[in-house]
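Notes to accompany the following structure.
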Amino acid sequence: MYLQSARIAVILIPRRRSLSFLLSHPLHHQQKCFFSSSVPSLTVRWSDRIFYFKERRTFTKVTKKHKQLNTSTEEKDYAHIIWWKERLQLCRKPSSVMLVKRVTYSNLLGVDTGLKNGSLKEGTLNWEILQFKSRFPREVLLCRVGEFYEALGIDACILVEYAGLNPFGGTRSDSIPRAGCPVVNLRQTLDDLTRNGFSVCIVEEVQGPTQARSRKSRFISGHAYPGSPYVFGLVGDDHDLDFPDPMPVVGISRSAKGYCMVSVLETMKTYSAVDGLTEEALVTKLRTCRCHHLFLHTSLRHNSSGTCRWGEFGEGGLLWGECSARQFDWFEGNTLNELLFKVKELYGLEDDITFRNVTVASDNRPCPLQLGTATQIGALPTEGIPCLLKVLLPSNCTGLPAMYIRDLLLNPPAYDIASTIQEACKLMSNITCSIPEFTCIPSAKLVKLLELRETNHIEFCKIKSVLDDILLLYTNSELREILKLLMDPAWVATGLKIELETLVNECKSISCRIGEVIFLDGEHDQKMSSYTTVPNEFFEDMELSWKGRVKRIHLEEEYAEVDEAAKALSVTIEEDFVPIISRIRATTAPLGGPKGEILYSREHEAVWFKGKRFVPSVWAGTPGEEQIKQLRPALDSKGKRVGEEWFTSKKVEDALARYHEAGNKAKAKVLELLRGLSAELQIKTNILVFASMLLVIGKALFSHVSEGRRRKWIFPTLTQCHRPKDAEILHGADGMKITGLWPYWFDAAQGGAVRNTVNMRSLFLLTGPNGGGKSSLLRSICAAALLGICGFMVPAESAIIPHFDSIMLHMKSYDSPADGKSSFQIEMSEIRSIIAGATSNSLVLIDEICRGTETAKGSCIAGSVIETLDAIGCLGIVSTHLHGIFDLPLRMKNAVFKAMGTECIDNQTMPTWRLIDGICKESLAFETAQREGVPEALIQRAEELYLSVYSKDTTKIQSKLKQYALPDIHEFNGVADRPSRLKKELSPVNQSLKSLDILCKEVENAVVGICGKSVNDVNVKKDISEPRAMRCVLIGAREQPPPSTIGASSVYIMLRPDRKIYVGETDDLEGRVRAHRLKEGMQNASFLYFLVPGKSMACQLETLLINQLSAQGFHLTNMADGKHRNFGTSELLEKEMMTR
């Protein structure tokens, strides 16, 4: 997670490791690990700074000890070879499967010495590659050989399978597996490998001339890990490098407090440990954290049920399901020490490398969100659930700011930090000045580039932008207060405690230093060389690699040499080539005469003469002949002739060599300055990381405020929980009151949302009909409370929200066949976790409790859960359809009854989606089944069964409620007398034996009755002298609409063979009818249609028909097109439809 990636320690210790140590036995369980929890000093004397850089070792000589190495399988290599064998067994591509058959498991490379090119004799390239492989045995090794990066044996199989490369030499069976990629495709190959979870070690050649028949020296130039790209050579590039999210090594263990998760970031040299996690909270963290490697402690094998078979009973099953889908290793011993040892072994780090503890104390900090809560409010993307993160920020705010907001939602801050965030947001909402750009740089990118001295001029300009943004915040009086408030959230996010004055002073100093070295935009003293005799492309290509990167003042000598060399080259070309060109141009000849020109050969980085037929047949001492005699064929770097038409001269070649030498010297000086600046700034890494994270937070909060204002959200009043455990009921500010709450996925700026007032001072027992808005209300309350305790704006008119210590939302559960658990088992597991974690300062929301078992025992379990939560004294809502709960002798002190309201309109019971006092026993189950197309015969029989069994039970609830002494027990209109009206409410369309002809006639009459007046009113407004009565036209089976419908707007009703109807509008009726009939079973569908004046009118009538035909009892298949959305549907639209 980004919060972890932002934490950094400055480690100025060499990363090189002796070969003897690397070849020793890996299991050093007795070694000592060192940790540092304090922040390294930010001020060090300039003269005392010592920097160590990664040594690039070459293998040109072999010691006596290395000569004694046996290339066969050793004990230390056996575990690594088995690990690779398991990976190769997953290969599926035919080409890689063929290669795997030629792999032998007798050495780390998997090379069969009996095959062609398989020799591992000392001094061979294969032997040299094996030495590198032994240093990092679980990394794919790519070795630079000329213009390719090659891999052998096991690594070649991995490249073919996961990087899409073809094997060298095809699939011939007499040679060892070999594969590779061109130099220009290295980054794509590394991306493919790391995306599939592999780490890669890259071996480079030492560039420069070598002696004849001698092998080039090689060195390990770097590594590419999942979440940490290869950066070697970036300092000389003129482009940026995208850094993925850092991927930590994660270790999980179990203690008396609960689950413990330790995350270690190798790039940042930091670790964080979170203890006391519930199983659900731990799984949530794993879902949001792509880890490089997962280690499971042996303490997980023993759970509360006493079995060592993890996940077999109760607790642990959810976590086991999450971990079993990943690759992991077991470990034992001290969790932190052993995990850090594993990390050092995995990355090949020295024993004395230290990792800084960036764990922020969790005192008074709410518990992390559980998995069910995070998914049900869209904090984690879940199909079918409105994404909370998308409504908090504008659509163009992505990347690091969005990740910060997500992590803050999943791990809510302490009260002080939440209050600070809210105060900063309020100031942001009211400022009138302009704001900085908020340059965002990943902390891991900063650290790695500076540590490896690969920061190029582009990254330095970005770093300077970060520092200048901080200074702009400080110098502006309105923004300075915001900067002060952002200091504490940045401390929590990075683990670095830095004073404001220190931050500002250091930002000034570093920005000034970068400005002294780096060439900045707006400066114009580094133009490319330009001479008329030399193509401009040549100078641009040669000088673009070093000009415009550092200030000229640092390169005056080099600039002078390059300028002199460029001028000398121009003079030489003018003397040796221009006379020949002039001679050719002066020659008048028919087609086929002499040709020649001065051209730039980009491939060979040279300026040569290119011509043909320019040599005179008779030498007459004319101008240009002497220069022609001095020409000689142009040669490439290997001494081969470039072509028949390319020529040069000795003077030109000498001038080119002088120019290239001057250019290379200038480029080397530029790289030296850039690497030196990286070395200087390593000691300032903490400041840079802190400043970068502060801007990420600032951009995230500014973006949230902008979107919140657009959506008309408000800032809640955040109160600190301090209720005594024995408090019987809440009073005053200790309760939660949200006025005018609407669902977060609705945009209030566009209108159409039903608003509710929630005044919660104890536990609510909520009832209501299907589709009445219970689930939407719970989801909306949960989101509003979570936003409030994070310091964000909430979708309401006003709100008072306590800073809960935990927010838990349980909604529908699904079964887990892989774990052998039913949906009820999953629900009970979540309920157990909720009960165990709930306190008097918690918010607990449970939707339709115990829906997955028989009603009698389910009601008793639900009643016991309600009693327990009531005794705990938490705030919350428990919704249910189990009306048997009200017949139970519940012992409740504070719980109150709430319901989602209904009203009776035209003998139809309709939900109002409003929260009211009382109990609602009406479920609208029959109406819901009817709307969803359940066969009428089935529904009719269900109603008969209901009347025969439950008609005498409707008055029981009244007597049972008296014992709770509720002040207002409301029996809804249209609910108590429901059984006596069931048969009367059956619409004519619900009769089971109707023919399609009768259905067609009834639909036509209904359509004319609903839309006739509207169409006639439009005709009158358009002054049509004799408006005709509205008429529907029938398109029967195997018929098509007439040509008069082409280009006209129409509303149509499709009469399906299953007696359902579909309402739509179109400007292409013929095409729409054809499209409907292409669907399975719709070949003989009939249609009714009528023309209307304009598409706007057609859309209005379509919506009106969908809602009115459904209200009259017709079965529609596209009810969603009528914009009926349970909780949050526009009241005005509903009333308009009902009145019309």
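Position one of the sequence shown corresponds to residue 35 (the numbering used here), numbered consecutively onward. Ideal placement from N, C-alpha and C gives every residue a C-beta, glycine not left out.
By the three-class DSSP mapping on this structure, what secondary structure does residue i have?
i: Thr567; result: coil
i: Lys1113; result: coil
i: Tyr139; result: coil
i: Gln716; result: helix
i: Cys954; result: coil
i: Arg399; result: coil
i: Asn875; result: coil
i: Glu300; result: coil
i: Cys215; result: strand
i: Phe472; result: coil
i: Phe736; result: helix
i: Asp1155; result: helix
i: Trp947; result: strand
State the Cα-Cα distance for the pair residue i and residue j, rounded to the nearest angstrom.
i: Met1171; j: Gln1134; result: Any reading at Met1171 needs caution, since the residue's pLDDT is 40, under 50, leaving its predicted position unreliable; the model's value is listed next. Taking the straight line from one Cα to the other gives about 11 Å.
i: Ala896; j: Ile439; result: 35 Å
i: Val551; j: Val584; result: 5 Å
i: Asp441; j: Gly549; result: 35 Å
i: Gly412; j: Ser429; result: 16 Å
i: Phe85; j: Ser543; result: Bear in mind that a pLDDT of 34 at Phe85, under 50, signals an unreliable position, so the model cannot answer this.
i: Glu956; j: Asn1039; result: 32 Å
i: Ser844; j: Leu513; result: For the record, residue 844 in the displayed sequence is His; it is not Ser. Looking at the two C-alpha atoms, the distance is approximately 41 Å.
i: Ile662; j: Ala600; result: 23 Å
i: Gln560; j: Thr138; result: 58 Å
i: Thr536; j: Gly952; result: 60 Å
i: Ser893; j: Gln1142; result: 38 Å
i: Thr322; j: Leu330; result: 18 Å
i: Ile973; j: Gly967; result: 10 Å
i: His694; j: Ala190; result: 38 Å
i: Val1196; j: Gln123; result: The structure shown does not extend to residue 1196, since the chain is modelled only from 35 through 1174, so no value can be given for it.
Alpha carbons only, please: which of the options is nearest the one belonging to residue i?
i: Asn371; options: Val308, Arg321, Gly310, Gly285; result: Gly285
i: Pro446; options: Gly825, Leu374, Leu1143; result: Gly825
i: Val1126; options: Tyr264, Phe553, Val1067, Asn875; result: Val1067
i: Leu483; options: Thr466, Gly582, Gln716, Glu592; result: Gln716
i: Asn793; options: Gly786, Ala819, Arg487; result: Ala819
i: Pro400; options: Cys938, Ala1063, Ser874, Asn1152; result: Ser874
i: Val723; options: Ser740, Cys884, Gly529; result: Gly529
i: Val425; options: Gly367, Asn490, Gly952, Ser740; result: Ser740
i: Lys1094; options: Gly1046, Val1107, His558, Cys1034; result: Cys1034
i: Cys357; options: Leu224, Arg885, Leu334, Ser453; result: Leu334
i: Asp555; options: Glu608, Glu574, Ile492; result: Ile492
i: Pro278; options: Leu434, Val179, Lys771, Ala713; result: Leu434
i: Lys718; options: Ser737, Glu540, Gly645; result: Glu540
i: Thr369; options: Glu184, Leu159, Thr332, Tyr1096; result: Thr332
Compute the distance between the beta-carbons of residue i and residue j, then report whether it is under 8 Å.
i: Phe858; j: Thr887; result: yes
i: Val394; j: Leu729; result: no
i: Tyr980; j: Ile1069; result: no
i: Ala258; j: Thr228; result: yes
i: Trp747; j: Met827; result: yes
i: Leu405; j: Leu353; result: no
i: Met842; j: Ile823; result: no
i: Leu708; j: Val269; result: yes
i: Ala734; j: Gly774; result: no
i: Leu21; j: Leu154; result: Limits of the chain in this structure are 35 at one end and 1174 at the other, which puts residue 21 out of reach.
i: Asn510; j: Cys467; result: yes
i: Val1085; j: Glu1036; result: no
Taking one C-beta from the region 620-640 and one from the region 586-593 each time, how about it: are there three or more such pairs within less than 8 Å?
Not touching, per the Cβ criterion.
Specify whether the region 565-585 and the region 603-619 touch according to this definition: at least 3 beta carbon pairs, one from each stretch, less than 8 Å apart.
Yes, since at least three Cβ pairs between the region 565-585 and the region 603-619 fall closer than 8 Å, the two stretches touch.
Between the region 773-793 and the region 478-495, do at least 3 Cβ pairs fall closer than 8 Å?
Contact between the region 773-793 and the region 478-495 is absent: fewer than 3 CB-CB pairs across the two stretches fall below 8 Å.
Between the region 927-945 and the region 793-803, do three or more beta carbon pairs fall short of 8 Å?
Taking a cut-off of 8 Å for Cβ pairs, the region 927-945 and the region 793-803 touch, as three or more such pairs fall below it.
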